[in-house]
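A.B. asks:
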Amino acid sequence: APPPVKGPSLTFEGFPSSMGEDALRMTLEGMGAVKEFEASESSDGLSMQGKVTFEDPESAKKCMAEYHGMDMGLGTKIQMTSI
Numbered sequence: 112a113p114p115p116v117k118g119p120s121l122t123f124e125g126f127p128s129s130m131g132e133d134a135l136r137m138t139l140e141g142m143g144a145v146k147e148f149e150a151s152e153s154s155d156g157l158s159m160q161g162k163v164t165f166e167d168p169e170s171a172k173k174c175m176a177e178y179h180g181m182d183m184g185l186g187t188k189i190q191m192t193s194i
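Residues in the sequence shown are numbered consecutively from 112, following our numbering.
(1) Is residue 132 helix, strand or coil when you go by DSSP?
(2) Hey, residue 170 and residue 144 are a contact pair by Cβ (cut 8 Å); roughly how many whole angstroms apart?
(3) Mind checking who residue 145 pairs with in its DSSP beta bridge?
(4) Residue 159 bridges to which residues according to DSSP?
(5) Pick helix, strand or coil for residue 175, following the three-state DSSP scheme.
(6) So the candidates are 130, 166, 121 and 148; which of them puts its Cα closest to the Cα of residue 185?
(7) What do you get for residue 146, buried or exposed, if any count of 16 or more other CB atoms within 10 angstroms of its CB means buried?
(8) Pull up the DSSP beta-bridge partners for residue 121, would you.
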């Protein structure tokens with residue numbers, strides 16, 4: 112089971128940097144309306160890390176359930192944390 116979600120904000124790491132910020136934001140918006148979003152390339156240059164705040168905690172729960180632990184083919188899994 113994914114970690115518990117305490118509110119509308121999540122940090123993330125592990126999405127492929129080849130997606131780019133815009134595509135990543137659109138991917139996350141598929142889970143619900145996004146209020147705030149920031150992303151940057153990780154030190155390895157292959158993945159992206161950042162933070163997303165949804166309009167409501169339900170969207171954050173849906174996002175956590177969908178993406179936490181997903182393997183994006185980089186040899187690592189997406190890590191999400193409720194903040």
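Think of the CB as a built atom: it goes at the ideal place given N, C-alpha and C, for glycine as much as any other residue.
Being a predicted model, the structure only gives us computed values, none of them experimental.
C.D. replies: In short:
(1) Stepping through the sequence shown from its first residue, residue 132 is reached at position 21. DSSP places residue 132 in helix when its eight states are reduced to three.
(2) The residue you call residue 170 lines up with position 59 of the sequence shown. The residue you call residue 144 lines up with position 33 of the sequence shown. The Cβ separation is near 7 Å, so the contact holds.
(3) Sequence index remark: in the sequence shown, residue 145 carries index 34 (1-based). Answer is 165.
(4) As a first step, residue 159 must be located in the sequence shown, where it is residue number 48. Beta-bridge pairing links residue 159 to 126 and 152.
(5) Working through the sequence shown from its first residue, we reach residue 175 at position 64. It is helical.
(6) Looking up residue 185 in the sequence shown gives position 74. With distances taken between Cα atoms, residue 185 lies closest to 130.
(7) Within the sequence shown, residue 146 is the residue found at index 35, counting from 1. With fewer than 16 other Cβ atoms within 10 Å, it is exposed.
(8) In the sequence shown, the residue the question calls residue 121 occupies position 10. 163 and 193, per the DSSP bridge assignment.
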